[in-house]
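A.B. asks: Protein chains in written order, with our numbering: chain Z, 26 to 316; chain U, 58 to 446; chain F, 172 to 425; chain E, 55 to 349. Positions of the beta carbon are idealized from the N, C-alpha and C atoms, including for glycine.
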Amino acid sequence: MFLQQLLNGITLGSTYALIALGYTMVYGIVQLINFAHGEIYMFGAAVGLFLVTVAGFSLVPALLGAMTFCMLLGVLVEKIAYRPLRGKSSRLSALISAIGVSIFLSTFMLLIAGPNTRRYPEVVNPTTYHIGSLQLSSMQIIILLVAALLMIGLNLMIQKTRLGMAMRATSEDLEAAYLMGIDVDRIISLTFAIGSALAGAGGVMVGIYYNAVFPYMGTMVGLKAFSAAVLGGIGSVPGAMLGGITLGILEIMGVAYISSSFKDAIAFGILIIVLLIRPQGLLGKKISKKV
Amino acid sequence: MQTKKSAKWAIIMIMVMLVSLVAGCSNKPTSTNTPDVIKLGFLGAKTGSVANYGLPAEKGMKMAIEELNAKGGILGKNLVGIYEDNKGESADIANIATKYITVDKVVAMVGDPCTGLTKVAAEIAQKNQVVIFSGGATGTGVVEIGDYVFRNTLLDSMAVPSVVDWMINTKGWKKIAIITSLNNGYSTALTPVFKDAIQKKGGTIALEDSINDKDTDFTAQVTKLKNAQADVLVFTGYYQEAALIMNEAKKQNLNISMIGGDGLYGQDLAKLGGTAVEEKVIFYCGFSTDKPTPETAKFIDAYKAKFGENPDMFSAQYYDAVMILAKAMTDAKSADPKLFRAELAKLKDYPGVSGSTTFGANREPIKSPVCLLTVKNGAFSLVDKISVK
Amino acid sequence: MPILKLSDISMEFGGLRALDSVDLSIEEHQIYGIIGPNGAGKTTIFNIITGIYKPVKGNLFFKDINLKNYPPYKIARMGIGRTFQNIRLFQKLSVIDNLRVSAHGISKVNIIANMLGFPNSRREEKQIMLKSGQLLEMLGLYEKGMELADSLSYGEQRRLEIARALALEPALLLLDEPAAGMNASEKIELIDTIKSIRDNMNLTILLVEHDMSLVMNICESIAVLDYGRKIADGDPASIRNDEKVISSYLGMGA
Amino acid sequence: MDAFITQQIDAYYLRIIIIIGINIILALGLNLTTGVTGQLSMGHAGFMSLGAYTAAILSLHTTLPFVVVLIAGAMAAALFGIIIGIPSLRLEGDYLAIVTIGFAEIVRVFFLNFELGGKAVGLAGIPQQTTFSIVFLIMMVVIFLNITLLNSHTGKALYSIRENEIAAQACGVNTTQLKILCFAMGAFLGGLGGGLYASYMYYISPGEFGFMKSIEILNMVVLGGMGSIPGTILGVIILTIAPEFLRVVADYRLLFYGAMLVILMIFRPNGLMGDIRWYDIKKRLPKKEVKKCQS
């Protein structure tokens, strides 16, 4: 049972990690908890569902469609709600604005789609593979693969491409990057675009895996994913992955061996302890205060 | 400059706020005492996490009021429903109940689907001597609040022993696993009722576990369940999580039936659960669209024609609640809560669309029979009807 | 006896040595200057004195108290006030309230008395207002007393930093590049101000600066830092003639 | 007095006024921690629930006077305020926000498993001892103490932590002590408001004190203007009354609410009254002295 639970934990963790990637990218560059990120993930799941059920798309086109939609939504949110605040107001104002967007988006979905939970039709052949006593479903494999691929791809992009370099520069020092001739606004837009597209992909896959799409699905998952990003070390892409999977495993093991009554408390409790012992997270860089 | 300007602006804002507050306080609304209508207040959430109970409930209530008005209303007066959204939050329902009573001057409130919220509104209703009639509060401690508090719903304490008896003696399911939804008051209240009944009827509890509403990942619980090798799973929460648990069970090749209360009664159970819930999930309730009585069939047809969807238990119970209130007012020949309240308490064998209702000595509803439903080909179908002992 | 004595102070940042065995000895009532090119470790010395950094090696004494063991706020309360190179005012507080923060530092009245408005608190509050008003007058900020700190001009902000440090009633005042960004006439005014502060308030002033003329003009004693090492100290005349200083610093045409 | 008020004011409006009073107490607490001292706390509902449950359980099971019950609730919250204040010494900004969110979640999960608190069902039938005059009295005391505190030099020291912590330390401000103190005071007021709320609502359940509740209180502080007492009060009034008016367009209320926050942050990031300095109107500079020094 232990191995099966471990596998359950890794799968759950991968879904956190997918969403955490977006948080960590945005936070790394503009130091903003993009509260609307959970809602963008929800929109990804909903748009994917719409494309599959109403427009009759198959999985891959629906996934791409949802990612494109989320990308546009993310950029739009950034343009409307965050850009006007950048530089001239406190971080708290930006955070409040993000919360506003989050409330707006989830209510908007509630109004157009109703409060009910919906499910995806079976777009992936539900095969189960057996490895000894272990069971692995095809969707689990897809989630694990996609999460790993996206992480590696993202890491390569950030480390190797010009765009990635510009992103790193912007996250290091926004003003200096601007002075170096980097179009900071464009970089931030792109960051939101990439992060949101990832969230969209996550939304579709999690929607298919758990068979549940509803307007408030992004809220708690968003919080957990952000916690995962912090746990891993915010701003760090491998950190988000590690944080997500760690959190997933901890939660599942908590349910399996301690008590499911305290599932959320276990996750947050461990997060608090980690932050107190190692505030920069598992893989984060220690930032010494400049005086 | 800047400071002065904003100071002026702020002072204007404050003035506006104060004036509107004062105006609001002193200006008692003029529309209150139009004597030719009877007002009923709707209690339920139209947004928020429990909106799925409030929305069909609102439709049921609207339909009942329309039907009554089409027949000429009650005592020659038209019924008017007022539908505020309480978001499923107690602060909101308290505000709304107070507003219904003092501003709108309703004679009765219908709702809320949830026990906890009903209690909040019931305290206020009792204090102001206005009838409150819940079409969904199944928990304990509701009618105890006072003699203006009524409910029309199948009580868990009555249904569960019969259901457990059916499980153990008819089906032979003795090793029982039980899962509670921790952040769901309905579920945490129902679990002890089940446990008590299981003990009394000689069953054993193989596993006790819990989930949270709005969770979507139940892999760990299902893996545990699989290891426990129970005959049957009792899940006391709502249909959404029920469907997701069964989905997960199917993924993990766990072939087990699930028993639950009327919290599982939602159209979406079949939509969400798909083949995973087909003939696997069995729940009890007082309302069935399958093999209905003639009254119920009429209601179902009318509801479908009007809203284009099947009614659920809440639509039926709210519909019945309005109808029962109307009957009580007609019998009492008065829309004064103090008078028709007494008629209401005398209700006996009322043939509602959600089964027959009698108010017992302590005003608790006695509803019969208990329908056991499951999902068959995507629709609810009757498994068995058992009478309450 | 020196009022401030640094002995063998070393500081490192991630393996990079910012200060290397620096000794300083500042006599009471002196105006003492530390000069050196950018990155020589001047501000680091201030941050060590005020307790923001703890040195990796060495000791520092303020009137016989080893400052190493004290947190920044206690060091400030002992009577060490400072200004910052990159101005760190409380931007959204009024000018006089900036001074009242320092007054809080040395206040004897506790928070309960403050909250309930006890007579001793009110008496003290009155005293603080009076003293703050005087300080503002002295630094020519009286008329701006009620404005927000961020509405002041650059020069005014610099003076407010000094006023705020003085509100601590310090025995030692640390000025971090007080003349940065000032024009010639402002500098002359600043020199007068610094001198009159020292004379009127009877305190010791330690300043770091890379503007030579200012330092030579007002300092009675000077230390020269280069790459974290002290290469010379003494009175202005001897510094001016020191060969090491000339080669590493003055020679570069300052 | 209460009898008189009940006669004069319609029960519905009276209820809203009392809720405003309770919310002012809650929001002024958060204003101390987040608005004044700048320690972003997103778990105020956690403190509120601690106060609410302590007060509710005490008044259900004991015969202690209401004031004692309220203070016990507030003290329980304050105790946890101190515990949560300690991480604030090490963590900044968003990290602290996450810790406070986590704390509130843990408290919520605790009450979900708390037998004496009725688990998810919550506690019903709490004696209604909160009346208009009690709320009004406590609110006035809280406002008064807030004003005297924030106008004193200690108050200015609290603001200085938000403005620039390093400079504050250089000015002799014991930031460690004051930060924890502010967390404790904020939590105390949160617990006090929670106790009043529990006793006013008859019924409390863990679900009410979720993340959205914390956000609601935070919004009140931010809307009015961080660190400003009149601002916070205005924010509370607007955000308590607005949903009542907006019920007319019930379905779109939350949509509007979200949009309002964004628009407000873009056009008035300091809140409605954050940049107004009431202080100017009250206090004057001391008279100019005859010049003593000849600079």
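Rounded to whole angstroms, how far is the Cβ of E:His98 from the Cβ of E:Leu272, which I believe are closer than 8 Å?
C.D. replies: The count along the fourth sequence starts at 1 and reaches residue 98 of chain E at position 44. The count along the fourth sequence starts at 1 and reaches residue 272 of chain E at position 218. About 7 Å; that satisfies the 8 Å criterion.
A.B. asks: Closest to U:Glu180 by C-alpha separation, out of E:Gly92, E:Glu169 and E:Tyr256, would be which residue?
C.D. replies: Translated into the one-based positions of the second sequence, residue 180 of chain U becomes position 123. Measuring from the Cα of U:Glu180, the nearest candidate turns out to be E:Tyr256.
A.B. asks: Below 7 Å on C-beta distance, what does F:Thr428 contact in chain E?
C.D. replies: An answer regarding residue 428 of chain F cannot be provided, because it is not within the stretch 172 to 425 covered by chain F.
A.B. asks: CB U:Ala285 to CB U:Ala234, shorter than 8 Å?
C.D. replies: Start at 1 with the first residue of the second sequence, and residue 285 of chain U comes out as number 228. Start at 1 with the first residue of the second sequence, and residue 234 of chain U comes out as number 177. Cβ distance < 8 Å, so U:Ala285 and U:Ala234 count as in contact.
A.B. asks: In chain Z, which residues lie less than 9 Å from E:Gly172 when you measure between Cβ atoms?
C.D. replies: For the purposes of this step, residue 172 of chain E is identified with residue 118 of the fourth sequence, where counting begins at 1. Going along chain Z, no residue has its Cβ under 9 Å from E:Gly172, so there is no contact; the nearest lies around 15 Å.
A.B. asks: Per DSSP, U:Asp272 is paired with what?
C.D. replies: The residue you call residue 272 of chain U lines up with position 215 of the second sequence. None; U:Asp272 has no bridge partner.
A.B. asks: Pairing CB atoms from the segment 252 to 262 of chain Z with CB atoms from the segment 46 to 58 of chain Z, are three or more of them under 8 Å?
C.D. replies: Flag = yes, the segment 252 to 262 of chain Z and the segment 46 to 58 of chain Z touch.
A.B. asks: Got a sec: is the Cβ-Cβ distance from U:Gly331 to anything in chain Z below 8 Å?
C.D. replies: Counting from 1 along the second sequence, the entry for residue 331 of chain U is found at position 274. Yes - at least one Cβ of chain Z is within 8 Å of the one on U:Gly331.
A.B. asks: Is any beta-carbon of chain E found at less than 8 Å from that of U:Thr195?
C.D. replies: Sequence index remark: in the second sequence, residue 195 of chain U carries index 138 (1-based). It does not; no Cβ of chain E falls within 8 Å.
A.B. asks: With distances taken from CA atoms, which of Z:Leu181, Z:Gly157, Z:Ala250 and Z:Arg143 is nearest Z:Ala45?
C.D. replies: Within the first sequence, the letter at position 20 stands for residue 45 of chain Z. Among Z:Leu181, Z:Gly157, Z:Ala250 and Z:Arg143, the Cα nearest to that of Z:Ala45 belongs to Z:Ala250.
A.B. asks: Just to confirm, is the Cβ distance from Z:Ala237 to Z:Thr142 under 8 Å?
C.D. replies: Sequence index remark: in the first sequence, residue 237 of chain Z carries index 212 (1-based). Sequence index remark: in the first sequence, residue 142 of chain Z carries index 117 (1-based). Against a cut-off of 8 Å, the Cβ pair of Z:Thr142 and Z:Ala237 comes out as a contact.
A.B. asks: Tell me whether the beta-carbon of E:Leu124 lies closer than 8 Å to the beta-carbon of E:Leu246.
C.D. replies: Residue 124 of chain E sits at position 70 when you count from the first residue of the fourth sequence. Residue 246 of chain E sits at position 192 when you count from the first residue of the fourth sequence. Yes; because the gap between Cβ atoms is below 8 Å, this pair is in contact.
A.B. asks: Strictly under 8 Å for the Cβ-Cβ distance: is E:Leu277 near chain F by that measure?
C.D. replies: In the fourth sequence, residue 277 of chain E corresponds to position 223, counting from 1. Interface flag for E:Leu277 against chain F is unset, since no Cβ pair is found closer than 8 Å.
A.B. asks: Between E:Tyr213 and chain U, is any beta-carbon pair separated by less than 8 Å?
C.D. replies: Along the fourth sequence, read from residue 1 onward, the residue named residue 213 of chain E stands at position 159. For E:Tyr213, the answer is no, since every Cβ of chain U falls outside 8 Å of its Cβ.
A.B. asks: If the cut-off is 7 Å on Cβ atoms, which residues from the segment 336 to 370 of chain F count as contacting chain E, listed in chain order?
C.D. replies: Leu339, Asp363, Thr364 and Ser367
A.B. asks: Check whether the segment 359 to 372 of chain U and the segment 138 to 157 of chain U touch, using three or more Cβ-Cβ pairs below 8 Å as the test.
C.D. replies: Too few Cβ pairs lie closer than 8 Å, so no.
A.B. asks: When the cut-off is 8 Å and only beta carbons count, does E:Pro260 lie next to chain Z?
C.D. replies: Mapped onto the fourth sequence, residue 260 of chain E falls at position 206. Taking Cβ atoms only, chain Z never reaches closer than 8 Å to E:Pro260, which makes this a no.
A.B. asks: If contact is defined by three or more beta carbon pairs under 8 Å, each pair taking one atom from either stretch, is the segment 270 to 277 of chain Z in contact with the segment 230 to 245 of chain Z?
C.D. replies: no
A.B. asks: Flag this pair as yes or no: are the beta carbons of Z:Ile124 and Z:Phe68 separated by less than 8 Å?
C.D. replies: For the purposes of this step, residue 124 of chain Z is identified with residue 99 of the first sequence, where counting begins at 1. For the purposes of this step, residue 68 of chain Z is identified with residue 43 of the first sequence, where counting begins at 1. No. Outside cutoff.
A.B. asks: Would you say F:Pro226 lies against chain E (beta-carbon separation less than 8 Å)?
C.D. replies: Position 55 of the third sequence, counting from 1, holds the residue named residue 226 of chain F. No, because no Cβ of chain E sits closer than 8 Å to the Cβ of F:Pro226.
A.B. asks: List, in order along the chain, the chain E residues whose C-beta lies closer than 9 Å to that of Z:Thr271?
C.D. replies: Within the first sequence, the letter at position 246 stands for residue 271 of chain Z. The premise fails here: Z:Thr271 is roughly 15 Å from chain E at the closest Cβ pair, so nothing lies under 9 Å.
A.B. asks: Please check if any C-beta of chain Z sits within less than 8 Å of the C-beta of U:Thr276.
C.D. replies: Along the second sequence, read from residue 1 onward, the residue named residue 276 of chain U stands at position 219. Yes, U:Thr276 counts as interfacial toward chain Z.
A.B. asks: Would U:Asp169 and U:Gly101 qualify as a contact pair, given that the criterion is a beta-carbon distance under 8 Å?
C.D. replies: Working through the second sequence from its first residue, we reach residue 169 of chain U at position 112. Working through the second sequence from its first residue, we reach residue 101 of chain U at position 44. Contact flag set, yes.
A.B. asks: Output the boundary residues of the alpha helix (DSSP H) element that contains Z:Gln165.
C.D. replies: As a working mapping, residue 165 of chain Z is identified with position 140 in the first sequence. That run of the alpha helix (DSSP H) goes Ser163 to Lys185.
A.B. asks: Taking F:Val128 as the reference, give the member of E:Leu300, E:Thr229, E:Val175 and E:Ala222 with the closest Cα.
C.D. replies: For chain F, the structure presents residues 172 to 425; residue 128 of chain F sits outside this window and is missing.
A.B. asks: Just to confirm the assignment, what range does the beta strand (DSSP E) spanning U:Phe292 have?
C.D. replies: Here residue 292 of chain U refers to the residue found at position 235 when the second sequence is read from its first residue. Boundaries of the beta strand (DSSP E) around U:Phe292: Val289 to Phe292.
A.B. asks: Compare the C-beta of U:Glu180 with all C-beta atoms of chain E and state if any pair is closer than 8 Å.
C.D. replies: Here residue 180 of chain U refers to the residue found at position 123 of the second sequence. Output row for U:Glu180: interface = yes.
A.B. asks: I need the straight-line Cα distance from Z:Gly227 to Z:Thr93, nearest angstrom please.
C.D. replies: In the first sequence, counting from the first residue as 1, residue 227 of chain Z sits at position 202. In the first sequence, counting from the first residue as 1, residue 93 of chain Z sits at position 68. When the Cα atoms are used, Z:Gly227 and Z:Thr93 turn out to be separated by approximately 13 Å.
A.B. asks: What are the start and end residues of the beta strand (DSSP E) that includes F:Ser196?
C.D. replies: One-based indexing of the third sequence puts residue 196 of chain F at position 25. Taken as a continuous stretch (DSSP letters only), the beta strand (DSSP E) holding F:Ser196 covers Leu187 to Glu198.
A.B. asks: Please report the distance separating the alpha-carbon of Z:Phe239 from that of Z:Ala71.
C.D. replies: The residue you call residue 239 of chain Z lines up with position 214 of the first sequence. The residue you call residue 71 of chain Z lines up with position 46 of the first sequence. Computed Cα separation, rounded: 8 Å.
A.B. asks: Give a yes or no on whether the minimum CB-CB distance between E:Pro323 and chain Z is below 8 Å.
C.D. replies: On the fourth sequence, residue 323 of chain E is found 269 positions in, with the first residue counted as 1. Interface residue, yes.
A.B. asks: Here's a check: name, in chain order, each residue in its chain whose Cβ is nearer than 7 Å to the Cβ of F:Gly352, leaving out the five neighbours to either side.
C.D. replies: In the third sequence, residue 352 of chain F corresponds to position 181, counting from 1. Cβ neighbours of F:Gly352 beyond the five flanking positions: Tyr325.
A.B. asks: E:Cys236 lies in the alpha helix (DSSP H); which residues open and close that run?
C.D. replies: One-based indexing of the fourth sequence puts residue 236 of chain E at position 182. Per DSSP, E:Cys236 belongs to the alpha helix (DSSP H) from Thr229 to Met255.
A.B. asks: Taking Cβ-Cβ distances below 8 Å as the criterion, which residues of the segment 271 to 294 of chain F are in contact with chain E?
C.D. replies: Arg271, Val272, Ser273, Ala274, His275, Gly276, Ile277, Ser278, Ile282, Asn285, Met286, Leu287, Gly288 and Ser292
A.B. asks: Could you work out which residues of chain F lie near E:Ile220, taking near to mean beta carbons separated by less than 7 Å?
C.D. replies: One-based indexing of the fourth sequence puts residue 220 of chain E at position 166. Chain F residues near E:Ile220: Ile223 and Arg259.
A.B. asks: Helix, strand or coil for U:Ile95, going by three-state DSSP, please let me know.
C.D. replies: Locating residue 95 of chain U in the second sequence gives position 38, where the first residue counts as 1. Strand, per DSSP.
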